[in-house]
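Trainee:
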Amino acid sequence: QLSPAEELAGFHLPTGFVAELIAAEPAIAKPLNMAFDSDGALWITDTTEYPYPVPAGEAAHDSIKVLRDKDHNGSFESVTTFADGLNIPIGILPVDDGVICFSIPNIMHLRDTDGDGRCDERKVVLGPFDTSRDTHGMINAIRRGADGWIYACHGFNNQSHVKAADASEIHLISGNTFRFRADGSHVEQFTHGQVNPFGMTSDEWGNWFTADCHSKPVTLLVRGGFYESFGRPHDGLGFVPSVMDHLHGSTAICGINYYLANQFPADFQKKFYSGNVMTSRINCNRLEVDRNRIRLVEEPDFMTSDDPWFRPVDIRLGPDGALYVADFYNKIIGLYEVRLDHPERDRTSGRIWRISYRGDGTAQKQAAPPAPSVAAGATTGAQSAVIVGHPTNDVPAADLLSAAHIEELGQENATRRHFALERFNGVALSADQRAQLTQLTASGSGRSELLRISAVWALHRLQLDSDQRLAAVLSDSASPHLLVA
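Under this note's numbering, think of the first position of the sequence shown as 147, with each following residue one higher.
1. Fully enclosed by the segment 420 to 444, which beta strand (DSSP E) runs are 3 residues long or longer?
2. The beta strand (DSSP E) spanning residue 166 covers which residue range?
3. Where does residue 486 land, buried or exposed, given buried means 16+ other C-beta within 10 angstroms?
4. What is the DSSP secondary structure of residue 490, counted as helix, strand or coil?
5. Can residue 264 and residue 254 be called in contact, C-beta distance under 7 Å?
6. Could you give the DSSP three-state label for residue 319: helix, strand or coil?
7. Going by beta-carbon coordinates alone, are residue 316 and residue 333 separated by less than 7 Å?
8. Is the distance from the Cβ of residue 444 to the Cβ of residue 392 below 7 Å?
9. Can you tell me whether residue 216 is buried or exposed? The criterion is at least 16 other CB atoms within 10 Å of its CB, across all chains shown.
10. Looking at residue 407: is its Cβ nearer than 7 Å to the Cβ of residue 219?
11. Answer yes or no: do residue 180 and residue 168 have a C-beta to C-beta separation smaller than 7 Å?
12. Between the segment 418 to 437 and the segment 445 to 459, can you find at least three pairs of beta-carbon atoms closer than 8 Å?
13. So what does DSSP say about residue 461, is it helix, strand or coil?
14. Per DSSP, what are the beta-bridge partners of residue 348 in this structure?
15. Note down, in chain order, each residue of its chain lying with its Cβ closer than 8 Å to the Cβ of residue 150, except the 5 sequence neighbours on either side.
16. Starting from residue 335 and walking both ways along the alpha helix (DSSP H), at which residues does that stretch end?
17. Put residue 599 into one of helix, strand or coil per three-state DSSP.
18. Closest by CA to residue 608, which one among 295, 173, 259 and 224?
19. Considering only DSSP beta bridges, list what residue 244 is partnered with.
20. Using three-state DSSP, classify residue 150 as helix, strand or coil.
21. Could you give the DSSP three-state label for residue 229: helix, strand or coil?
22. Within 10 angstroms of the Cβ of residue 364, are there 16 or more other Cβ atoms? Answer buried if so, exposed if not.
23. By Cβ distance, which residues of its chain are closer than 6 Å to residue 396, with the 5 residues on each side in sequence left out?
24. Can you give, in chain order, each stretch of the beta strand (DSSP E) that sits fully within the segment 384 to 415 and has at least 3 residues?
25. Among 327, 335, 441 and 476, which one has its Cα closest to the Cα of residue 239?
Here is the structure:
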C-alpha cells in the first residue's frame, strides 16, 4: 500500500496534463460514485461496508460526504458528512434540497430541511430493489437527462421488481437501465440487457452510453433496445449493434465520461474516458459518427499507474473543465477472485484525483469558475458567471433567460450546461420568456448548435411544442447525431 503522494508519483499522463489529490483517507473512506452540484461542491458516496451489506436491523456506517471549495481557488477546504447510517450507497444525484441516492435496498431522497448542511429527512423514492444475490450488482450512475428524466443502471445478477406511485412498474433481471421521475411518481425500463453496467454518460445530443464489464466497455443505449448478456434472449428483432469490438484487456470497465468542455486540448475533447479497475488505468475511445453508423475507435490509454491498487471506479467532469476520478484504492477489486472476507481486502483507503491540462506541466491549482450573483448577470473578467442555485430557492424566475443564463445554456462545458438546464424544472414562463426561448432554437439565429439544442430540451421539459422545434433543429443541423428522448 502506498501513500497518496507515492501513488501520485506513479501516474503517467499525456504531456501537459497534471493530476492532483483532492481528498484521501482518513477524511474519506472508499468512494463509489460522485456528482457535482450547481454551487461546485463535489458529493461522494463513501463506504467501509463493501462488499458486505449490513444485515437488516443492524446499524450501517456508510455515508455521503460533500467536498466544498468555498473561495473557488481550486482547493476543496472542507469535507463534511451530509448523511450517515447508509448501507453501501452508490448512485448519487444532488437536488435542490439534498440528494437522491441509492442505499440498500432503496433509492432515497435525503433532504436538508433546515439548511444546516446535514440530512434530517429521508424518503423512499423507489424500492426495495433486490440485493440478495450480489452486492456490486446494485443501482449506480444516477443521472438527470437533458429531457428531465432521472436515469440509472441496475447491475449484475439481482432481480428487482419495483413499482412507482402511479402503479407503473419494472422488472429488472440482472443488467438493465431504467428511468424515473424525481418524486417516484413514475418509472419505466429504458433498455434490456448488458451484464453489469456501472457508469453512464451522455453526448451533446442527449444520447446515453454506459460502461459494462462483460459485454462492452462502451455501449450506446437505444430506448427499448435489447443487449447481449449471459444467455438472455432479445425481443425477436435482434440485439442493438455494438459500437465497438475491442475490450481494453479487461472484464471490469466503469465510471465512463464523455468529455465535453474546452479545458482539454482539442485532441482530447469529445472522447470517452473510462476507468479500468483491473489494469489500473483510464482508457480512451474516440467517437466517430456519420449518417449511417456510430462507432468507437480505441485510442492510447489516457492515464496509467505504477500502483496496482489504483482503482478508478467513477469519472466526472467538473465545472472547471477538469476530470475528477474516484479511486477505490484497494489491493483486491473484484468479488470472486478471492473470498469476500479475505484479510487483504482494504476497507478504509480511498482517494479523489483531479486531472487538468496545464500546458507547461506545472502543478498550479486550477481555480473553479467564479460564482457571483446570478441575478445581476455578473461576470468576472472574460468568464461568465456560473449559474448557481435552483428556481425553487435563490434564483428569481424572472432572471431565467438573462444574458448570463443564455450563455450558460450554450456552454461547451457539459456540467455547467446541465446546471443551466436544471433551472427550467417546475417553472412557469411568461409569454415573453416562452417567445425568447423559442427564438433560441431558430435556424439562422446566429446561436451555437449547443445553445439551440439546450433550448429545445428546455422546451421539452416545459412541454412547449418541443417536437416541432426538435425536428427543425435536426433537419438543418450540420452535425450528425441521434438525439434519442
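Even glycine gets a Cβ: it sits at the ideal position worked out from N, Cα and C.
The structure displayed is predicted, hence computed values, not measured ones.
Mentor: Here's the rundown:
1. 427 to 435
2. Within the sequence shown, residue 166 is the residue found at index 20, counting from 1. Element bounds for residue 166: 163 to 170.
3. Residue mapping note: residue 486 aligns to position 340 of the sequence shown, counting from 1. Classification for residue 486: exposed.
4. In the sequence shown, the residue the question calls residue 490 occupies position 344. Of the three classes helix, strand and coil, the one that applies to residue 490 here is coil, per DSSP.
5. Position 118 of the sequence shown holds residue 264. Position 108 of the sequence shown holds residue 254. No, Cβ-Cβ distance for residue 264 and residue 254 is not below 7 Å.
6. In the sequence shown, residue 319 corresponds to position 173, counting from 1. Strand, per DSSP.
7. Taking the first residue of the sequence shown as 1, we reach residue 316 at position 170. Taking the first residue of the sequence shown as 1, we reach residue 333 at position 187. Result yes, Cβ atoms of residue 316 and residue 333 sit closer than 7 Å.
8. Within the sequence shown, numbered from 1, the residue matching residue 444 stands at position 298. Within the sequence shown, numbered from 1, the residue matching residue 392 stands at position 246. The answer is yes: Cβ separation under 7 Å.
9. Your numbering for residue 216 matches position 70 in the sequence shown. The residue is exposed, with fewer than 16 neighbouring Cβ atoms inside 10 Å.
10. Taking the first residue of the sequence shown as 1, we reach residue 407 at position 261. Taking the first residue of the sequence shown as 1, we reach residue 219 at position 73. In this structure, residue 219 does not lie closer than 7 Å to residue 407 by Cβ.
11. Locating residue 180 in the sequence shown gives position 34, counting from the first residue. Locating residue 168 in the sequence shown gives position 22, counting from the first residue. No, Cβ-Cβ distance for residue 180 and residue 168 is not below 7 Å.
12. yes
13. What you label residue 461 is simply residue 315 of the sequence shown in a count that begins at 1. Here residue 461 sits in strand by DSSP.
14. Locating residue 348 in the sequence shown gives position 202, where the first residue counts as 1. Paired residue(s): 354.
15. Looking up residue 150 in the sequence shown gives position 4. Excluding sequence neighbours, residue 150 sits near 167, 170 and 497.
16. Locating residue 335 in the sequence shown gives position 189, where the first residue counts as 1. Run containing residue 335: none in the alpha helix (DSSP H); it sits in the beta strand (DSSP E), 333 to 339.
17. Your numbering for residue 599 matches position 453 in the sequence shown. In the structure shown, residue 599 sits in a helix (DSSP, three-state: H, G or I).
18. Numbered from 1 along the sequence shown, position 462 holds the residue referred to as residue 608. The candidate whose alpha carbon is nearest that of residue 608 is 295.
19. Taking the sequence shown and counting its residues from 1, the one referred to as residue 244 is at position 98. In DSSP, residue 244 forms a bridge with 241 and 257.
20. If you number the sequence shown from 1, residue 150 lands on position 4. Residue state, collapsed to three classes: helix.
21. On the sequence shown, residue 229 is found 83 positions in, with the first residue counted as 1. In this structure, residue 229 counts as strand in the three-state DSSP scheme.
22. Here residue 364 refers to the residue found at position 218 when the sequence shown is read from its first residue. Flag for residue 364 reads buried.
23. Your numbering for residue 396 matches position 250 in the sequence shown. Here the set comprises 422, 424 and 425.
24. 399 to 404
25. Sequence index remark: in the sequence shown, residue 239 carries index 93 (1-based). When each option's Cα is compared against that of residue 239, the closest is 327.
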